[in-house]
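In the numbering used here, the protein residues as written are 1 to 199. To keep things clear, I will list the structure first and then write my remarks on it.
So, in structure tokens, the structure goes:
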């Protein structure tokens with residue numbers, strides 16, 4: 001079996017959104033290291049690793065070991081200025097933006113922009129998509145994404161690598177973006193909106 005075969009087979013499991021396999025010679029045999037993006041952003045814990053190893057056993061090629069790995073989540077740090085249209089409350093528009101760019105299922109059945117199932121391995125985050133989504137929120141007049149000191153579009157805890165100017169944040173083969181926007185855990189990604197105008 002090839003790397004692509006192992007990835008394709010593990011993706012048949014109902015809880016796997018995507019997988020990437022890497023074959024490595026480990027001294028006496030090959031090991032298929034399968035990095036798994038679990039649906040719903042759920043943790044690839046020891047129990048789930050064992051479950052996947054059992055699931056893969058009937059497909060495993062003789063002489064190959066299987067190891068299940070967790071993806072490398074890369075938290076984001078995003079902040080922009082939002083101009084609120086006349087007649088709209090800044091606080092209400094900000095709350096609507098935070099819900100829109102959340103990481104959970106929304107009351108209307110849609111997913112927040114940063115829901116874990118909207119992103120997988122190596123998938124970039126585009127500034128233009130964020131601006132377009134924000135402009136759909138009632139009361140948003142425009143979004144300022146110019147290069148000001150308060151504006152951020154980068155990976156959490158890292159210096160800017162010019163992502164704002166390039167209009168995208170990119171990731172490596174086994175990396176997945178993360179933005180939980182939990183004020184108690186900003187290290188899991190955050191988005192901020194500086195509100196101007198409105199009421």
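No residue lacks a Cβ here, since even glycine has one placed at the ideal position from N, Cα and C. Bear in mind that the values here come from a model prediction, so they are computed numbers and not experimental data.
| Query | Result |
| --- | --- |
| Around the Cβ of residue 148, are there at least 16 other Cβ atoms within 10 angstroms (buried) or fewer (exposed)? | exposed |
| May I ask you to report which of helix, strand or coil DSSP gives residue 33? | strand |
| Opposite residue 206 in the DSSP bridges: which residues? | Given that the chain is displayed from residue 1 to residue 199, the structure contains no residue 206 and the question cannot be resolved. |
| To the nearest angstrom, how far is the alpha carbon of residue 200 from that of residue 83? | With the chain covering 1 to 199 only, the question about residue 200 has no answer from this structure. |
| Check whether the Cβ atoms of residue 87 and residue 100 sit closer than 8 angstroms, and answer yes or no. | no |
| In whole angstroms, give me the CA-to-CA distance for residue 59 and residue 121. | 23 angstroms |
| Just grab the DSSP bridge partners of residue 126 for me. | 168 |
| So if DSSP puts residue 18 in a beta bridge, which residue, or which two residues, is it bridged to? | 37 |
| Pick out whichever of 173, 49 and 67 has its Cα sitting closest to the Cα of residue 29. | 67 |
| Nearest chain B C-beta to residue 89 closer than 8 angstroms, yes or no? | Given the protein chain composition of this structure (a single chain), no chain B is represented. |
| Can you check the segment 41-102 for any beta strand (DSSP E) of at least 3 residues that lies completely inside it and give the ranges in chain order? | 64-69 and 72-84 |
| Return yes when the Cβ of residue 75 is within less than 8 angstroms of the Cβ of residue 174, no when it is not. | no |
| Apply the 10 Å Cβ neighbour rule to residue 127 and answer buried if 16 or more other Cβ atoms are within range, or exposed otherwise. | buried |
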